[in-house]
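Chemist: Residue numbers for the sequence shown follow our numbering, so the first one is 13 and each next one is one higher.
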Amino acid sequence: MMNRRNFLQRGSLAAAAVTVAPLAATAAPAKPALRVGFLSDVHVKPGAVPEEGMRRAFRHVNQYKPGVDFIINGGDAIMDALKASKEKVQQQWDVWNAALKAANKLPIYHCIGNHDAWGWQMTEPEVRQDPLFDKKWVLKQHDMPERYYSFDKTNWRFIVLDSAQENNGGYIARIDEPQFAWLEKELRDTPADMHICIVSHIPIVSFVSAVFSDKNEANGDWRISRALLHVDSRRLTDLFKSFPNIRCCLSGHIHMQDAVNYRGIQYYCNGAVSGNWWGGPFKDFAPAYAVFEFFKDGAVTRTMVDY
Ligand SMILES: [Zn+2]
Numbered sequence: 013m014m015n016r017r018n019f020l021q022r023g024s025l026a027a028a029a030v031t032v033a034p035l036a037a038t039a040a041p042a043k044p045a046l047r048v049g050f051l052s053d054v055h056v057k058p059g060a061v062p063e064e065g066m067r068r069a070f071r072h073v074n075q076y077k078p079g080v081d082f083i084i085n086g087g088d089a090i091m092d093a094l095k096a097s098k099e100k101v102q103q104q105w106d107v108w109n110a111a112l113k114a115a116n117k118l119p120i121y122h123c124i125g126n127h128d129a130w131g132w133q134m135t136e137p138e139v140r141q142d143p144l145f146d147k148k149w150v151l152k153q154h155d156m157p158e159r160y161y162s163f164d165k166t167n168w169r170f171i172v173l174d175s176a177q178e179n180n181g182g183y184i185a186r187i188d189e190p191q192f193a194w195l196e197k198e199l200r201d202t203p204a205d206m207h208i209c210i211v212s213h214i215p216i217v218s219f220v221s222a223v224f225s226d227k228n229e230a231n232g233d234w235r236i237s238r239a240l241l242h243v244d245s246r247r248l249t250d251l252f253k254s255f256p257n258i259r260c261c262l263s264g265h266i267h268m269q270d271a272v273n274y275r276g277i278q279y280y281c282n283g284a285v286s287g288n289w290w291g292g293p294f295k296d297f298a299p300a301y302a303v304f305e306f307f308k309d310g311a312v313t314r315t316m317v318d319y
């Protein structure tokens, strides 16, 4: 699909629009510092279509040419743990682990999706007492250091956030206070000559969050669900203003794709490996994953891959 490299070289849309032609004419084919597969919303569960689909996607990114350095799992690895019995959740993780074992050899970094949290919509009291309740199961399953964490590759720092918080029998998209304090410190502690990529399951800035639901502009005002876009977007993007080395934010969750440039940061929403939850394309977006190229100078490109 479309290679957006020229579009994304530098900060603002306006600047990019002016410089597209000369860049296209003169830029040498720079070698990226990193190439990363972003696979989100796999939503695997027992069954031929999801199991074979997940394997196909992972085999595809493992064979991607030129080679991918590692994978980021954007979250919602399994179909759903919010409202599933312990047995059903275990079956889903078993299928996920078997498919990874069969089809993936690349290092993989995980981000937690809302459907990866166990039991928020279960009414049985023993579920809340279970040591695997909430995000403890997914943390253990993915062997994650914490709900949110960072890692460095070349001169890039990747900051992985935990977007979905329990809220009245459902969830709300935001980071909690301890996580915000951690993020602030993490950004402050990142050397100015390192570039930053932030990963969150739910988008922080996005247009597809607005068009995910049908007829959500009934009275003329857009209504965007608390579950579809970070409700702390203003707070986060205000924080980001102090850190010009933040280059991009990557998300999944919406099962649709967009790329929005806001105040010099590129926000990419990256579709879903499962498409319409394994029922074909979702609102024109085929099952897909993204390949990102991160350059030494802070440039980023994305290629969507219909595997
Ligand atoms: Zn999802």
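Even glycine gets a Cβ: it sits at the ideal position worked out from N, Cα and C. Quick caveat, the model's predicted, so the values are computed rather than measured.
Helix, strand or coil for K165 per DSSP?
Modeler: Here K165 sits in strand by DSSP.
Chemist: Could you give the C-beta distance for R133 and K95, rounded to a whole number, given that I count them as a contact under 8 angstroms?
Modeler: Here residue 133 is Gln; the residue named in the question, Arg, does not match the sequence. Rounded, the Cβ-Cβ distance is 4 angstroms, consistent with contact.
Chemist: Under the assumption that Q269 contacts G283 (Cβ atoms under 8 angstroms), give the Cβ distance between them as a whole number of angstroms.
Modeler: With 8 angstroms as the limit, Q269 and G283 qualify as a contact, their Cβ atoms being about 4 angstroms apart.
Chemist: In three-state terms, what does DSSP make of A300?
Modeler: If DSSP states are grouped into helix, strand and coil, A300 belongs with coil.
Chemist: Classify S263 as buried or exposed, calling it buried when 16 or more other Cβ atoms lie within 10 Å of its own Cβ.
Modeler: When all chains shown are included, S263 counts as buried.
Chemist: Give me, in chain order, the residues of the same chain whose beta-carbon lies closer than 7 angstroms to that of A222; leave out the 5 immediate sequence neighbours on both sides.
Modeler: The residues are W234, I236.
Chemist: How would you label R17, buried or exposed, when you count the other beta carbons within 10 angstroms and need 16 or more for buried?
Modeler: In this prediction, R17 scores a pLDDT of 48, lower than 50, which makes its location untrustworthy; no coordinate-derived value is stated.
Chemist: Got a sec, what are the start and stop residues for the alpha helix (DSSP H) R200 sits in?
Modeler: Looking at the DSSP string, the run of the alpha helix (DSSP H) that includes R200 is 189-201.
Chemist: From E321 to R200, what distance separates their C-alpha atoms?
Modeler: Residue 321 lies beyond the range of the chain shown here (13 to 319); nothing can be said about it.
Chemist: Quick check: is any heavy atom of ligand 1 less than 7 angstroms from the C-beta of H242?
Modeler: For ligand 1, not one heavy atom lies less than 7 angstroms from the Cβ of H242.
Chemist: What is the rounded straight-line gap between the Cα of V303 and the Cα of Y319?
Modeler: Distance between the alpha carbons of V303 and Y319 is about 11 angstroms.
Chemist: Can you tell me whether DSSP reads V217 as helix, strand or coil?
Modeler: V217 falls in the coil class under three-state DSSP.
Chemist: If we ignore side chains and look at the alpha-carbon of each, how far apart do F50 and R140 end up?
Modeler: Spanning the two alpha carbons is a distance of roughly 32 angstroms.
Chemist: Starting from the C-beta of W108, find all residues in its chain whose C-beta is less than 7 angstroms away, skip the five residues before and the five after it, and write them out in chain order.
Modeler: Correct list, in chain order: V56, A89, I90.
Chemist: According to DSSP, what are the bridge partners of M316?
Modeler: Answer by DSSP bridge pairing, in chain order: A302.
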